[in-house]
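Written below as structure tokens is the structure these notes are about.
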Amino acid sequence: MRYEPGSEPEEKCCFLPWIRRREDQGPFLTPEEEERLFEEQVENSQGFDINFEEFSCVFNYVPVDFDENYYFKDTDTTRGVIERLSPDSRELYNERMDQGYEIVEVIKANTHPTGTAAHMFYITFRAKELSDDQPKDFQAMVCYFCYTSNKYHSCELKPEKKDTIN
């Protein structure tokens, strides 16, 4: 179903405005141009850093709203799941790299459907070592399963942005 800009229903669709721009806002791209830009952002950031406000189309990746619970059964909350997956990812990183990072805060998360009873999360969180006052940003890719153990695909320091010369 398609709604005119600004006429999206409030209940049950409150997520629409924050995952896309309104059709009367720029940049004014064709759906094909938006898809190309979207795919470029997914590829460049591996799904972690997507500027959803650039798109009027809705794609298969969406930002996670920690205060909504539309992903989980009644016994779980979105915030609770993300806050559990982040330290578990950090712990695996610490074991693998022989480090001692502690989570400072969860910054954001994106998700996309897997076609199974699981959700793939791309979580960005900030952590620091006790011996270092400067926190560092991490990115964890986790497949959350409702009825079995989660699969922790990766947890790495967030790569520095590359400066590009135009």
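For the sequence shown, counting from 1, position 110 maps to 110 in the UniProt record's numbering; every step adds exactly one.
Each residue gets a CB set at the ideal place from its N, CA and C atoms; glycine is no exception.
Beta-carbon proximity list for P31, same chain, < 7 Å, skipping 5 on both sides: Along the sequence shown, read from residue 1 onward, the residue named residue 31 stands at position 31. For P31, same chain residues with a beta-carbon under 7 Å away, outside a window of 5 residues either side, are C57 in chain order.
Q139: first and last residue of the uninterrupted beta strand (DSSP E) it sits in: As a working note, residue 139 is residue 139 in the sequence shown. Where Q139 is concerned, the enclosing beta strand (DSSP E) stretches over K136 to F145.
Segment contact, 8 Å Cβ cut-off, at least three pairs: the segment 87-105 with the segment 125-143: yes
Under the three-state DSSP convention, the category N69 falls into: Your numbering for residue 69 matches position 69 in the sequence shown. It is coil, neither helix nor strand.
Tell me the rounded alpha-carbon separation between P159 and F66. For the purposes of this step, residue 159 is identified with residue 159 of the sequence shown, where counting begins at 1. For the purposes of this step, residue 66 is identified with residue 66 of the sequence shown, where counting begins at 1. Roughly 24 Å separates the two Cα atoms.
Straight-line Cα distance separating N51 from A109: If you number the sequence shown from 1, residue 109 lands on position 109. If you number the sequence shown from 1, residue 51 lands on position 51. N51 has its alpha-carbon roughly 12 Å from the corresponding atom of A109.
Which of helix, strand or coil does DSSP assign to N94? One-based indexing of the sequence shown puts residue 94 at position 94. Correct three-state label for N94: helix.
Among the residues of its own chain, which have a CB less than 7 Å from the CB of P113, if the five just before and after it don't count? For this step, residue 113 is matched to residue 113 along the sequence shown. Contacts found: N60.
If you draw a straight line from the alpha carbon of E53 to that of E40, how long is it in whole angstroms? Residue 53 sits at position 53 when you count from the first residue of the sequence shown. Residue 40 sits at position 40 when you count from the first residue of the sequence shown. Approximately 15 Å between the Cα atoms of the pair.
Would you tell me roughly how many angstroms separate the C-alpha atoms of P27 and G80, rounded to the nearest one? Locating residue 27 in the sequence shown gives position 27, counting from the first residue. Locating residue 80 in the sequence shown gives position 80, counting from the first residue. Roughly 35 Å between the two C-alpha positions.
Could you have a look at F125 and say whether DSSP puts it in helix, strand or coil? For the purposes of this step, residue 125 is identified with residue 125 of the sequence shown, where counting begins at 1. Of the three classes helix, strand and coil, the one that applies to F125 here is strand, per DSSP.
Cβ neighbour criterion (16 or more within 10 Å) applied to S149: Start at 1 with the first residue of the sequence shown, and residue 149 comes out as number 149. Result: exposed.
Going by DSSP, name the residue or residues bridged to P113. Counted from its first residue, the sequence shown places residue 113 at position 113. DSSP lists H119 as partners of P113.
Alpha carbon of D133 to alpha carbon of L85, nearest angstrom: By one-based count along the sequence shown, residue 133 stands at place 133. By one-based count along the sequence shown, residue 85 stands at place 85. Answer to the nearest angstrom: the Cα atoms are 24 Å apart.
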